[in-house]
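Position in the sequence shown (first residue = 1) + 206 = this note's numbering.
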Amino acid sequence: MARRLNPRIFNDWVYEGISDYTHRTEVYMGGAGSGKSYGATQKVLLKALNSKRKILVVRKIQNTIKHSIWSLMISHLQSSGFYSYCRINRSDFEIELPNGSIFIFKGLDDP
């Protein structure tokens, strides 16, 4: 399944560095509402769409995942047109992309 991505749906700073994976760790700085989570989820989604991988997405508290990073990822999948091709497990907070990449969302407080 080949889909072409529209650069206009990405934050500029994300799209400019979309293929830069020279650093193992990336730190995004800014205040509330500055687009850190939004941009980071865009970048990791593109990486997962380009090559099959398993990605663990972690937040400190499990209960905060549903209304934050999980919702953002679902929104990105919908706006990019990939949502209907994905397997979404809402009870376990897992998303499998069409190429077999898997996102697993966990809280550090979840045993």
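Even for Gly, the Cβ is constructed at its ideal location relative to N, Cα and C.
Of all the alpha helix (DSSP H) runs that stay within the bounds of the region 277-307, which reach a length of 4 or more residues?
none
What number of angstroms, rounded off, separates the C-alpha of I301 from the C-alpha of F311?
9 Å
With H, G and I counted as helix, E and B as strand and the rest as coil, what does DSSP make of I275?
helix
Would you please state the rounded distance, in angstroms, between the beta carbons of F288 and A254? I believe it to be under 8 Å.
The pair is not a contact, with the Cβ atoms about 10 Å apart (cut-off 8 Å).
Can you tell me which of G313, S297, I280 puts its alpha carbon nearest to the alpha carbon of L303?
For L303, the closest C-alpha among the options G313, S297, I280 is that of I280.
Drop a sphere of 10 angstroms on the beta-carbon of I267, count the other beta-carbons inside from all chains shown, and report buried for 16 or more, exposed for fewer.
exposed
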